[in-house]
Amino acid sequence: MGYFRGIAYGLQVAGTWIAVAGWGRIGMGLWTTRPTADPLRDLEGGGSFAAAVQVYLPYLVLSACVAGLAVAGLTPGRGAVWASVWGSVLVAAFAGWVLSRGYLLDYLPGLHEQLLWTLPLSGCAAGVAAASWGVDELPAGRRERATRT
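Numbering (our numbering), first residue to last: 2 to 150.
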């Protein structure tokens with residue numbers, strides 16, 4: 002692996018880990034945030050079932066997808082960059098989905114802050130992973146000399 006390809010792989014790995022950190026941030030918000038003490042905001046039977054089906058169950062299912070994309074994103078190669086980028090897009094999309102569930106944000110007030118941290122993390126992850134596409138094996142001047150000889 003050449004010097005510049007090593008930099009590209011480092012950017013790809015960094016993007017993958019940042020996306021995984023964003024996914025962990027969502028999970029931390031879902032499972033460790035204290036519920037509100039306000040009885041008017043409490044989730045009753047229907048609300049807790051809706052939260053389980055609309056948020057918690059998809060989080061568990063998509064965790065396997067994020068794990069698979071993370072493993073694929075950690076493998077060297079140009080094609081693996083897409084796994085890192087799509088993993089961060091998945092994290093951002095799910096964070097947006099959870100942000101649209103107002104009843105859950107009312108019940109778990111700290112979840113909103115966790116999700117607001119996740120969105121820039123996933124954007125940064127996509128940018129860092131996509132930046133590895135711009136790193137070539139040879140710089141432009143050397144590439145032109147290498148093709149002339």
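All C-beta atoms in this analysis are idealised placements derived from N, C-alpha and C, irrespective of residue type, glycine included.
Let me confirm a value: residue i is counted as buried when at least 16 other C-beta atoms fall within 10 Å, else exposed. Which label applies?
i: Leu122; result: buried
i: Gly80; result: exposed
i: Leu117; result: exposed
i: Thr119; result: buried
i: Val14; result: buried
i: Val129; result: buried
i: Leu70; result: buried
i: Gly16; result: buried
For residue i, tell me which candidate among the options has the shortest Cα-Cα distance.
i: Gly1; options: Ala15, Gln115, Gly16; result: Because the chain here runs from 2 to 150, residue 1 falls outside it and cannot be looked at.
i: Gln55; options: Ala15, Val86, Leu100; result: Leu100
i: Pro36; options: Ala132, Asp107, Gly124; result: Asp107
i: Gly30; options: Gly111, Val72, Pro59; result: Gly111
i: Ala51; options: Arg102, Val136, His113; result: Arg102
i: His113; options: Ala127, Gly97, Ala126, Gly124; result: Gly97
i: Ala82; options: Gly135, Ile27, Ala53, Gly23; result: Per the sequence shown, the amino acid found at residue 82 is Val instead of Ala. The candidate whose alpha carbon is nearest that of Val82 is Gly135.
Practice task
State whether the stretch 89–107 contacts the stretch 59–74, with contact taken as three or more CB pairs (one from each stretch) at a distance under 8 Å.
Solution key: yes
Practice task
Go through the stretch 14–98 residue by residue and report every complete run of the alpha helix (DSSP H) that reaches 4 residues or more, in order.
Solution key: 46–52, 58–74
Practice task
Counting only runs of 4+ residues fully inside the stretch 107–143, write out the alpha helix (DSSP H) ranges in chain order.
Solution key: 112–132
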